[in-house]
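Sequential numbering from 1 applies to the sequence shown in full-length UniProt numbering. Just below is one structure, and these are the notes that go with it.
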Amino acid sequence: MITIKEVAHHAGVSMSTVSYVLSGKRSISEETKRRVEQSIVALGYHPNAGARALASNRARVVGLVVPLHSDQNLPIIMRFVSSIVARARDHDYDVLLLTKEAGPGEAHRVIARSMADAIVVMDVESADPRVPELRAVDAPVVLLGVPDDHEGLSCLDLDFTTAGRQMASHLADRGHRSIALIGSPPPVYERGTSFAARLLAGFQGETAKRGLLASVHSCAAGYDAVSKCLDDVLHPDRGTTGLVVHNEAVLGPLLLELRRRSLDVPGDLSVITLCPDDVAATLPVPLTSIAVPAEELGAIAVEMVMARLGRELAPEVRLLQPLLTDRGSTAVR
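This is the structure we're talking about:
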């Protein structure tokens, strides 16, 4: 990679002169400026984000707020992060990853110190305490998630409410009368995480509308926790014939435990899940699923903040419609 030192040597000037040409902070003679620019072209030098920031009075950085919790599925989180980083780089922006618990004031601190030009917020709660602060941030802010009170904020997510309804409806349409939701770990619901609450609301709304017997089971990660959860789900009094699984981390252990109990999918028990397509397709039993479009959501979030840089655009809420793929793991009863 060509460095600023090599450009300076090629042009016969100091490194500070090259920096001044790039930043425009000081007056440089036209002749010197032309030599530096010719050297940049000849060597194929690409200024880094910091140098470009000097010229544009922007940090050319997107702040990504993603507090990490022990109950989160990190591989899924990293799909979002990787997509955001990749799309930001397409715009010659870097990403500042803020992984600590970011309470009120964090977004203001990042923007006030010129650490970032825009903010993307993940791990959004239904009653998120950061909402008043985020409304007041003097920079574009996009939430990957939808709090209950989202007035004045731009939000983006999968339509989890519709996803919950569709998965319950999928089983009901196949004659299942008693179904169960195996949901996220308890802390996810305790925090009031928006996506989990919305999927639960959709599931419960559809099962009530259809007159189904329905139970909800929060399930921690780990084989023992999955086994204990299944003991409750499959209690003979419930007569459960179909499962909706909204917990990517338990899918593998769940299928192994069903096999250990000599339960066939879908012969004995139908299973539908919400997870990335490649995960659902490569499990020991490929599962009918609604896709988590992490890569698409990450890319759209970046495009939304980029569209708002230097522009006054009205806040918007964008919900991607669920896409269900039938892989044969749900049977007609």
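The C-beta atom is built at its ideal place from N, Cα and C for all residues, glycine as well. Bear in mind that the values here come from a model prediction, so they are computed numbers and not experimental data.
Between residue 256 and the rest of its own chain, which residues show a CB-CB distance below 8 Å, the 5 nearest in sequence each way excluded?
Excluding positions up to five away in sequence, the list reads 223, 284.
Should residue 136 go down as buried or exposed, given a rule of 16 or more other Cβ atoms within 10 Å for buried?
The residue is exposed, with fewer than 16 neighbouring Cβ atoms inside 10 Å.
Excluding the 5 residues flanking residue 124 on each side, which residues of the same chain have their C-beta closer than 6 Å to its C-beta?
Closer than 6 Å at Cβ, skipping near neighbours: 143, 145, 147, 194.
Do residue 64 and residue 97 have their C-beta atoms closer together than 8 Å?
Going by C-beta atoms, residue 64 is nearer than 8 Å to residue 97.
Below 7 Å CB to CB, which residues in the same chain sit around residue 94 once its five sequence neighbours on both sides are set aside?
49, 60, 61, 88.
Leaving out five residues before and five after residue 187 in sequence, what residues of the same chain have Cβ atoms less than 7 Å from its Cβ?
So the list reads 69, 71, once near-sequence residues are dropped.
Determine the burial state of residue 175: buried for a count of at least 16 other Cβ atoms within 10 Å of its Cβ, exposed for fewer.
Flag for residue 175 reads exposed.
Could you name the residues of the same chain whose beta carbon sits closer than 8 Å to that of residue 108, not counting the 5 residues immediately before and after it, in chain order?
Answer for residue 108: 133, 136, 137, listed in chain order.
By the three-class DSSP mapping on this structure, what secondary structure does residue 217 have?
Three-state DSSP puts residue 217 in a strand.
Please classify residue 114 as buried or exposed, where buried requires at least 16 other C-beta atoms within 10 Å of its C-beta.
Exposed.
Quick check on this structure: which residue in 30, 220, 28, 36 has the alpha carbon closest to the alpha carbon of residue 334?
With the chain running from 1 to 333 in the structure shown, residue 334 is simply not present.
With residue 119 as the anchor, note down where its beta strand (DSSP E) starts and where it stops.
Run containing residue 119: 118–121, per the beta strand (DSSP E) assignment.
Within this structure, are the beta carbons of residue 269 and residue 241 separated by less than 8 Å?
Yes. Within cutoff.
Applying the 10 Å Cβ sphere with the 16-neighbour rule, what's the burial state of residue 287?
Buried, since its Cβ has 16 or more Cβ neighbours within 10 Å.
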